[in-house]
Amino acid sequence: MENTQATTAEPKRETRRVILNLDRCIGCSSCRVACVRTHQENLNLTQAKAEDVAAFPGHCRHCERPACEAACPKDAIVKGPDGIVKRYPFRCIGCLSCAIACPFGAIQPSLLRNVTTKCDLCYQRLEKGQEPACVTTCVSGALTFEVPEDVIEGNLWGARTKAKPGSRRW
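Taking my numbering, the leading residue of the sequence shown gets 367, the next gets one more, and so forth.
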């Protein structure tokens, strides 16, 4: 007997991310200032250094399977159905397990309190239909808010799809 039930596949939700084009970044730190202003002086966007030659935003990648979420013993970091990896500061005990587990170094300990901070994609702004503050403030257009697969497949904004000789992956 043939199965007459129609199966409807739920469309895959494409999650947008902050994408950095290193060719356009001028190191002005406007993204850092926007982050601080938006999060009321709770800095969520760190600045990583590449061999003391270039500075670039070291923001959270909101991974498919976040190592920071798995490492947190108090469920202070949770990936929501929207794909955003959020941090709940009142659950955080400051053990730094998440910071150690993050392969991108995107989670930083707070100097004021014994907790960590990380990029939350300005989810309050997203709920209002706005882009993250760092993206809207970037004066050089180095930060965009895109679906990563679209950037790679379409080579949007002329981004390098292969590393330059001598560069290291972080």
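From the three backbone atoms N, C-alpha and C, an ideal C-beta is built for every residue, glycine too. Since we're looking at a predicted model, the values are computed, not measured.
Between residue i and the rest of its own chain, which residues show a CB-CB distance below 7 Å, the 5 nearest in sequence each way excluded?
| i | result |
| --- | --- |
| SER396 | THR503, CYS504 and VAL505 |
| VAL501 | VAL384, LEU509, THR510 and PHE511 |
| GLU515 | none |
| LEU462 | PRO475 and THR482 |
| ALA400 | ALA499, CYS500 and THR503 |
| GLY446 | LYS452 |
| CYS438 | SER463 and CYS464 |
Between which two residues does the beta strand (DSSP E) carrying residue i extend?
| i | result |
| --- | --- |
| ARG383 | 383–386 |
According to DSSP, which residues form a beta bridge with residue i?
| i | result |
| --- | --- |
| ILE443 | ARG453 |
How about residue i and residue j: are their beta carbons less than 8 Å apart?
| i | j | result |
| --- | --- | --- |
| ALA436 | ALA472 | no |
| PRO432 | VAL451 | yes |
| CYS464 | ILE443 | yes |
| CYS426 | CYS488 | no |
| GLY507 | PHE470 | no |
| THR381 | GLY449 | yes |
Output needed for residue i: all residues of its chain with C-beta closer than 6 Å, excluding positions within five of it in sequence on either side, in chain order.
| i | result |
| --- | --- |
| PRO497 | Per the sequence shown, residue 497 should be read as Glu rather than Pro. Excluding sequence neighbours, GLU497 sits near PHE511. |
| LYS440 | ARG457 and ILE459 |
Which residues bound the alpha helix (DSSP H) around residue i?
| i | result |
| --- | --- |
| GLU435 | 433–437 |
| SER395 | Careful: SER395 lies outside any alpha helix (DSSP H) and carries neither H nor E. |
Please go through the stretch 453–521 and give each complete alpha helix (DSSP H) segment of 4 or more residues, from N-terminal end onward. Listed in chain order, they are 463–467, 489–493, 499–503 and 514–520.
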